[in-house]
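S.K.:
Residue numbers (my numbering): 193 to 531.
1) Are the beta-carbon atoms belonging to residue 358 and residue 285 less than 9 Å from one another?
2) Would residue 318 pass as a contact of residue 354 if the rule is Cβ separation under 9 Å?
3) Among 382, 252, 390 and 371, which residue has its Cα nearest to the Cα of residue 525?
4) For residue 413, tell me which candidate among 368, 442, 278 and 437 has the shortest Cα-Cα distance.
5) What residues match up with residue 317 in a beta bridge as DSSP calls it?
6) If I follow the unbroken beta strand (DSSP E) through residue 430, where does it start and stop?
7) Would you kindly work out how many angstroms separate the C-alpha atoms of residue 400 and residue 291, rounded to a whole number?
8) State the Cα-Cα distance for the pair residue 461 and residue 268, rounded to the nearest angstrom.
9) Under 9 Å, do residue 371 and residue 207 count as touching if we go by C-beta distance?
10) Please name the residue, chosen from 313, 197 and 272, that lies closest to residue 224 on a Cα-to-Cα basis.
11) On the CB-based measure, 16 or more other CB atoms within 10 Å of its CB, does residue 219 come out buried or exposed?
12) The alpha helix (DSSP H) with residue 529 in it runs from where to where?
13) From this set, 392, 403 and 451, which residue's C-alpha is nearest residue 351's C-alpha?
14) Using the C-alpha atoms, what's the distance from residue 436 back to residue 405?
15) Going by DSSP, which residues form a beta bridge with residue 400?
16) Let's test the definition: count the other Cβ atoms within 10 Å of the Cβ of residue 534 and tell me whether it reaches 16, buried, or not, exposed.
17) Could you tell me whether the stretch 450 to 470 touches the stretch 236 to 247, using the rule of 3 or more Cβ pairs below 8 Å?
18) Who are the near neighbours of residue 529 in its chain, counting only those whose CB is closer than 7 Å to its CB and skipping five residues on each side?
19) Using three-state DSSP, classify residue 303 as helix, strand or coil.
20) Measuring straight from C-alpha to C-alpha, what distance separates residue 495 and residue 457?
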């Protein structure tokens, strides 16, 4: 049995650009419909909205005031340079979104795996929105859990989780980021030599997937998760973004839905070997196949191997060399700092 955080309000919430808001909403609706096929294996959990002060764990008071003021506006506008939308009443939706993480933490005491389909806003910074993300729900969850537990984050998305990296860069939280990178694709950062500072030194791992990378390259990238065996987390927060699919409207990677099934299988195997709790997020996804990829991830975690699409190939050797170098750096720095 796995838990899925669900509220019917999720069907109408999107902070994405107006040009793709309908697509973003459609994937949540389609995903919910697909879950009916495995409903006997799912416990649906209604989220309790967060409190305003919960946002202050990561975000500034000034930014909190900005969110509340924008929510009072009768007009639709942008919180940033033209990506992240605000609309009348959006602050209540923000609290519901964050409440999904807090509710997942609460229910993780008796469920090993909980999935939040509308969550994973990894770009938001303490004082600003960014990239369709008004808040950083993953960073807040990590901060809460790390007070008493050992926490790791696996952020898989077409885009680098720059907000998570910046907020948690000095924290003793393992951060694995697998994303599309050419130095220009949004947000344009996530260098391999950015390995963390202070207590977080050696714990920030950036795996860059070149443009057009296929399923074989993605499988190579996931080898980096072997570091979890040395870190021994109590919790793994997984941002399972699906905007790396080959047909996504923000096209950069060339993954098939098979990669997301494999991701679920990988998380399942590691969870059973290392006995940690998993809280996972739907992340980004802006194409007709987004819901299928989300569903394949769930199937993979349930141990159901599926191949709904033809596998893709590209850049595997290059990614293999990159991961080898990242692992070499991790073990040399991690062992030195934590021996």
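The beta carbon of each residue, even a glycine, is placed where N, CA and C say it ideally should be.
M.R.: Taking the definition as stated:
1) no
2) no
3) 390
4) Measuring from the Cα of residue 413, the nearest candidate turns out to be 368.
5) According to DSSP, residue 317 bridges with 320.
6) If you look at residue 430, you'll find it in the beta strand (DSSP E) that goes 427 to 432.
7) Answer to the nearest angstrom: the Cα atoms are 31 Å apart.
8) Here the alpha carbons of residue 268 and residue 461 stand approximately 44 Å from one another.
9) no
10) 197
11) Buried.
12) Segment 508 to 530, the alpha helix (DSSP H) holding residue 529.
13) 403
14) Taking the straight line from one Cα to the other gives about 9 Å.
15) DSSP lists 371 as partners of residue 400.
16) Nothing can be reported for residue 534: it is not among the residues displayed for the chain, which extend from 193 to 531.
17) no
18) 393 and 394
19) coil
20) In this structure, the CA atom of residue 495 is about 6 Å from the CA atom of residue 457.
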